[in-house]
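Chains as they are written, first to last, in UniProt numbering: chain G, 1 to 233; chain L, 1 to 233.
Glycine included, every Cβ here is placed at the ideal spot set by N, Cα and C.
Have a look at the structure below before the remarks.
Number of protein chains: 2
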Amino acid sequence: MSEQKRTGFQEVRDEVLQRIEDRVWPQGALLPTELELAAEFGCARATVNRALRELAERGIIDRKRKSGTRVAVTPVKQAKLDIAVMRKQVEEMNATYRYALVKRQQITAPAWLSSQLSLPADAQVLHLHCMHYADNRPLQFEERWINIAAVPEVVEADFESVGPNEWLLAEVPFSNAEIAFSAVAASDQLAEFLTCTTNTPLFQMERTTWFQQQPVTFVRMTFHPGYRMSTRY
Amino acid sequence: MSEQKRTGFQEVRDEVLQRIEDRVWPQGALLPTELELAAEFGCARATVNRALRELAERGIIDRKRKSGTRVAVTPVKQAKLDIAVMRKQVEEMNATYRYALVKRQQITAPAWLSSQLSLPADAQVLHLHCMHYADNRPLQFEERWINIAAVPEVVEADFESVGPNEWLLAEVPFSNAEIAFSAVAASDQLAEFLTCTTNTPLFQMERTTWFQQQPVTFVRMTFHPGYRMSTRY
DNA sequence: CAGTGGTCTAGACCACCAG
DNA sequence: TGGTGGTCTAGACCACTGG
């Protein structure tokens, strides 16, 4: 007696994925309809739908009404990067995290920043320099500008003990952002804070953040020499 | 009562998200149960479930059986990077793509590579150097090693006209990979191919790829000076 | 043990779009 | 215009886990 297989949506999803990997359904091939698959797997159509929807979200298959479901021709690989707070990252490595405020200054936004954040010409911003350490070794230099109009409470924060990232995350959670990665040569200032020689190649991450269409902050984070950011997909 | 609103799962999802942003439910707060929300929105529990599941996947809320659904305290920001084929990327910028094979050589895997890919000591690999151009300006230098045992057909490919990335994508689609980003100083070779001076900081991406538990390829892609990789989330 | 989310079902209607 | 996926429903049972 063939034992009843548990027909969860995960089984369906994995089996379909397996068939695609095994070229049972090669690239561009048309898959059976949801109804047909439901019959084959002995489950409801909703179950098949859930399974195929997940594969579609991963870019494995393309779905279109009427025309059906096809194996993606050029699978767009999607790498997910988990951007966490520095403190968390350090603590996950079983290292001791330390934060230090280097500079805190309220200024009128320079022209390039007003342009970057779509701010009025005379907008007031808080300009910060911070350092993050892991086991007392320099990990990241952070230069940040915060739009005071968007977060008026920020003028009360001294950022001596809590970093601006964590403060903002608590104050303005669930914001949208644009992020960019690049390689830069260490300036004299960066070299000093990250204890390396001038012109050393450094990994840099820039991020612009909005909350409900309003620009909140722009931050430039530069990592110590040799830093690698990695992920799986 | 108030007019029946269209209660799609998207409406529920967006409304819940709005309330979280508006601090109706602050960080750490316990949300109503699915049944309660279903009653409030006048829809089935499955609809609420779908809505909340999507928010949970985005890291906005944490869900646990019995204890219920809570607003995430430290929302883990997930940035999605779309890793596409170079040719596609260039064509999307309305630039002319050009590819060139620099070197193609079959060798015994060096020790570091055997270690990196978990290969036997005498494994044969194909070692490639390639260049990618946009509008005839150097865009990326690619150094790649392919595990011949995993893809025997690769010895027949000459890679003169089609790059190894596209070839592998067609031959071994839907593989798993580990990816790492870093900043490096231009070696003499890199400086020559990317037309920059030695020690220029360059953005580099390394990727190890497996297909069904078997190591397939390791590739090191170095971009032209000033390259930025960006995304939204 | 009991409350909550996780999943499945059988059926239904709708939206889109290729023929 | 009919076929296909997209979604919703009302109900059910299960799995996990806090009290």
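In this structure, residue 198 of chain L sits away from residue 177 of chain L, with a CB-CB distance that is not shorter than 8 Å. Where residue 164 of chain L is concerned, the enclosing alpha helix (DSSP H) starts and stops at 164–171. With contacts defined as CB atoms closer than 8 Å, residue 171 of chain G and residue 151 of chain G qualify as a contacting pair. In the structure shown, residue 210 of chain G falls within a strand segment according to DSSP collapsed to helix, strand and coil. With contacts defined by Cβ atoms closer than 8 Å, residue 86 of chain L and residue 140 of chain L form a contacting pair. For residue 105 of chain L, the enclosing beta strand (DSSP E) has its first and last residue at 97–108. Taking 8 Å as the upper bound for CB-CB distance, residue 123 of chain L and residue 147 of chain L are in contact here, some 7 Å apart. Taking C-beta atoms under 8 Å as the contact rule, residue 204 of chain L and residue 219 of chain L fail to qualify, at a distance of about 11 Å. The Cβ atoms of residue 179 of chain L and residue 230 of chain G sit closer than 8 Å to each other. Any Cβ of chain G closer than 8 Å to the Cβ of residue 21 of chain L would place that residue at the interface, and such an atom is present.
With respect to chain G, the C-beta atom of residue 67 of chain L has no partner C-beta closer than 8 Å. Contact annotation, residue 154 of chain G with residue 126 of chain G: C-beta distance approximately 6 Å; criterion of less than 8 Å satisfied.
CA-CA distance, residue 222 of chain G to residue 211 of chain G, rounds to 24 Å. In the structure shown, residue 73 of chain L adopts coil according to DSSP, grouped into three states. Counting other Cβ atoms within 10 Å of its Cβ, residue 163 of chain G reaches 16 or more and is therefore classed as buried. At the C-beta level, residue 38 of chain G and residue 13 of chain G stay beyond 8 Å of one another.
Among the residues of the UniProt domain "HTH gntR-type" (6–74) of chain L, those with a Cβ less than 7 Å away from any Cβ of chain G are 20, 21, 27, 60, 74, in the order of the chain. Chain-ordered, the chain G residues with CB closer than 7 Å to the CB of residue 76 of chain L read 82, 84. In the same chain as residue 28 of chain G, and ignoring 5 residues on each side of it, the C-beta atoms closer than 7 Å to its own belong to 70, 71, 73, in chain order.
The C-beta of residue 34 of chain L has 16 or more other C-beta atoms within 10 Å across all chains shown, which makes the residue buried. Nearest Cα to residue 132 of chain L within the set L:173, L:213, L:181, L:160: L:160. Contact check for residue 60 of chain L and residue 17 of chain L: beta-carbon distance about 7 Å, within the 8 Å limit, so the pair qualifies. In the structure shown, the three-state DSSP call for residue 142 of chain L is strand. In this model, residue 224 of chain G and residue 233 of chain G are separated by some 25 Å (Cα to Cα).
Contact annotation for residue 178 of chain G against chain L: 230, 232 [CB-CB distance below 7 Å, chain order]. When L:22, L:105, L:19 are compared, the shortest CA-CA separation from residue 157 of chain L is found for L:105.
Taking 8 Å as the CB threshold, residue 134 of chain G stays off the interface with chain L. At least 8 Å separates the CB of residue 155 of chain L from every CB of chain G. Shown here, residue 148 of chain G sits in coil according to DSSP, grouped into three states, outside any helix or strand. The DSSP-derived three-state label of residue 161 of chain L is coil. Secondary structure of residue 184 of chain G (DSSP, three-state): strand.
Cβ-Cβ distances below 7 Å link residue 54 of chain L to 13 in the same chain, with the five nearest sequence neighbours on each side left out; the list follows chain order. In the assembly as shown, residue 115 of chain G is an exposed residue. Its beta-carbon has fewer than 16 other beta-carbons within 10 Å. It is roughly 21 Å from the alpha-carbon of residue 130 of chain L to the alpha-carbon of residue 173 of chain L. DSSP links residue 178 of chain G through a beta bridge to G:208, L:232. Within chain L, the residues whose beta carbon sits less than 9 Å from that of residue 202 of chain G are 183, 201, listed in sequence order.
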